[in-house]
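*Asks:* Just so you know, we're using full-length UniProt numbering here: the sequence shown kicks off at 1 and counts up by one. All residues carry an ideal CB built from backbone N, CA and C; glycine is no exception. Note that the structure is predicted; figures quoted are calculated from it, not measured. Mind looking over this structure? Questions follow.
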Amino acid sequence: MKASTFQTLIIGLLCLAVAGLSGGLYNQYQRMAKLQSTDTQYRQTLDTLQHDSSALKDAQEKLQYALKDLKQMVDTSEQQANTLDPMLDQWAQEIQELRDGLAARATVAELTALRAHLEQVEQQFQEHKTQPSPPPPSPSATKPKKTARPKPVPLSPPFSVLGVESRGGERFLAVAPHDSRSLIDVRLLHSGEQLGAWYLKVLEPNSAIFAVAAQPDQTVHLP
C-alpha cells in the first residue's frame with residue numbers, strides 16, 4: 001500500500017471519528033438543553049407552588065384572626081345581652097307600675113272633680129234655699145230694685161287633671177281625657193299652652209288657672 005493511500009485512509013478514519021464524536025456531542029447538547037428546559041419548568045412550577053403555599057398560609061392566618069375576632073364579638077354580645085335582659089325586665093316592670101299608677105290617679109282625680117262639683121252645686125242650692133223671699137213691691141215704689149247678679153257656676157274641664165310633672169326644672173300639668181286609661185293620651189301642658197278652649201294661664205302650687213273663651217277664669221284644684 002502506498003503511503004499516500006494510507007494517509008488518505010487515516011484521514012478518512014479521523015474524519016469519520018470526528019463526525020461521530022460531533023454527532024454524539026450534538027445529541028448530548030440537545031439532551032442537556034432539554035434537561036435544562038425541563039429543570040427550568042420544574043423550578044418555575046416549584047416557585048409557583050411555593051408562592052401559592054405562602055398565599056394559602058397567609059389566608060389561613062387571616063382566617064384564624066377573623067375567627068378569633070368573631071368569637072370575641074360573640075362573647076361580648078352574649079355578655080351585653082346578659083346585662084341588658086335584667087335591665088329591660090326592670091324597665092318593663094317600672095313602665096307597667098307607672099301605667100297602673102297613672103290609671104289610679106286618673107280615677108281619683110275624676111272622683112275628686114265630681115265631688116267638688118257636687119259640693120258647689122249643693123252649696124248654691126242651700127244658699128238659694130236659705131235666702132228670704134223679697135216682699136212684693138208696693139204700688140208707690142218708683143225705683144226698681146237692683147237684682148243681684150248670680151254667681152258664675154264653675155265649669156268642669158273637658159279633661160282629667162292627673163297631677164304636676166317636673167321636666168328640666170319646669171312644671172307641667174299632666175291631663176288626659178276622662179275616658180282614657182292609656183299613657184298615649186296623657187298630655188303635658190305648660191303655662192301659655194291650651195287644650196281645646198281651655199288656656200292654661202298660671203300653674204300654682206295647688207291649683208291651675210285656665211282662661212276660657214266668653215267665661216271668667218276657671219280654677220282647677222290639683223289632686
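Please confirm whether Pro-223 and Trp-198 have their CB atoms less than 7 Å apart.
*Replies:* In the sequence shown, the residue the question calls residue 223 occupies position 223. In the sequence shown, the residue the question calls residue 198 occupies position 198. Not closer than 7 Å, so no.
*Asks:* So the candidates are Asp-179, His-221, Ser-160, Gln-80; which of them puts its Cα closest to the Cα of Leu-195?
*Replies:* Numbered from 1 along the sequence shown, position 195 holds the residue referred to as residue 195. Taking only the C-alpha atoms, the option nearest Leu-195 is Ser-160.
*Asks:* Considering Phe-159, what are the terminal residues of the beta strand (DSSP E) in which it resides?
*Replies:* One-based indexing of the sequence shown puts residue 159 at position 159. Note, Phe-159: premise wrong, no beta strand (DSSP E); not H, not E.
*Asks:* By a C-beta neighbour count over all protein chains shown, 10 Å radius and 16 as the cutoff for buried, is Ala-33 buried or exposed?
*Replies:* Looking up residue 33 in the sequence shown gives position 33. Counting Cβ neighbours within 10 Å, Ala-33 comes out exposed, since fewer than 16 surround it.
*Asks:* DSSP three-state call for Ser-22: helix, strand or coil?
*Replies:* Taking the first residue of the sequence shown as position 1, residue 22 is located at position 22. Ser-22 falls in the helix class under three-state DSSP.
*Asks:* Where does the unbroken beta strand (DSSP E) through residue 289 begin, and where does it stop?
*Replies:* The requested residue 289 does not occur in the structure, where the chain is confined to residues 1 to 223.
*Asks:* CB-CB under 7 Å to Thr-142, same chain, minus the five flanking residues each way: which ones, in chain order?
*Replies:* Translated into the one-based positions of the sequence shown, residue 142 becomes position 142. Low confidence applies to Thr-142: its pLDDT is 49, below 50, so where it sits in the model is not reliable enough to give any reading.
*Asks:* Have a look at Lys-62 and Gln-80 and give me their C-alpha separation to the nearest angstrom.
*Replies:* On the sequence shown, position 62 is the one that residue 62 refers to. On the sequence shown, position 80 is the one that residue 80 refers to. Going by the C-alpha atoms only, they are around 27 Å apart.
*Asks:* Give the single residue among Ser-180, Leu-173, Lys-57 whose Cα lies nearest to the Cα of His-221.
*Replies:* Translated into positions along the sequence shown, residue 221 becomes position 221. It is Leu-173.
*Asks:* DSSP has Phe-210 in a bridge; who is on the other side?
*Replies:* As a first step, residue 210 is located in the sequence shown; it is residue number 210 there, counting from the start. Answer by DSSP bridge pairing, in chain order: Leu-200, Gln-218.
*Asks:* What is the DSSP secondary structure of Ser-77, reduced to helix, strand or coil?
*Replies:* Taking the sequence shown and counting its residues from 1, the one referred to as residue 77 is at position 77. Here Ser-77 sits in helix by DSSP.
*Asks:* Tell me which residue opens and which closes the beta strand (DSSP E) that Leu-189 is part of.
*Replies:* Looking up residue 189 in the sequence shown gives position 189. Its beta strand (DSSP E) spans residues 187 to 189.
*Asks:* Report the option in Ala-208, Val-202, Arg-181 whose CA atom is closest to the CA atom of Leu-98.
*Replies:* Translated into the one-based positions of the sequence shown, residue 98 becomes position 98. Out of Ala-208, Val-202, Arg-181, Arg-181 has the C-alpha closest to the C-alpha of Leu-98.
*Asks:* Any idea what DSSP makes of Glu-193, helix, strand or coil?
*Replies:* Within the sequence shown, numbered from 1, the residue matching residue 193 stands at position 193. In the structure shown, Glu-193 sits in coil (DSSP, three-state: anything other than H, G, I, E or B).
*Asks:* Would you mind giving the Cβ-Cβ distance between Val-212 and Leu-155, rounded to the nearest angstrom? I have them listed as a contact below 8 Å.
*Replies:* Taking the sequence shown and counting its residues from 1, one reaches residue 212 at position 212. Taking the sequence shown and counting its residues from 1, one reaches residue 155 at position 155. Their Cβ separation, rounded to whole angstroms, is 6 Å, which keeps Val-212 and Leu-155 in contact under 8 Å.
*Asks:* Name the DSSP beta bridge partners of Arg-181, please?
*Replies:* Walking along the sequence shown from the start, residue 181 turns up at place 181. Answer is none; Arg-181 lacks a bridge partner.
*Asks:* Would you mind working out which of Asp-179, Arg-171, His-178 sits nearest Leu-188, comparing C-alpha positions?
*Replies:* Mapped onto the sequence shown, residue 188 falls at position 188. Checked all of Asp-179, Arg-171, His-178; the closest Cα to Leu-188 is Arg-171.
*Asks:* Would you kindly check if the distance between the Cβ of Ser-191 and the Cβ of Leu-200 is under 7 Å?
*Replies:* Sequence index remark: in the sequence shown, residue 200 carries index 200 (1-based). Sequence index remark: in the sequence shown, residue 191 carries index 191 (1-based). Yes. Within cutoff.
*Asks:* Counting C-beta neighbours from all protein chains within 10 Å, is the total for residue 232 16 or more, i.e. buried, or is it exposed?
*Replies:* The chain is shown from 1 up to 223; residue 232 falls before or after that span and cannot be answered.
*Asks:* In whole angstroms, what separates the C-alpha of residue 227 from that of Leu-13?
*Replies:* Residue numbering for the chain in the displayed model covers 1 to 223; residue 227 lies beyond these limits and cannot be assessed.
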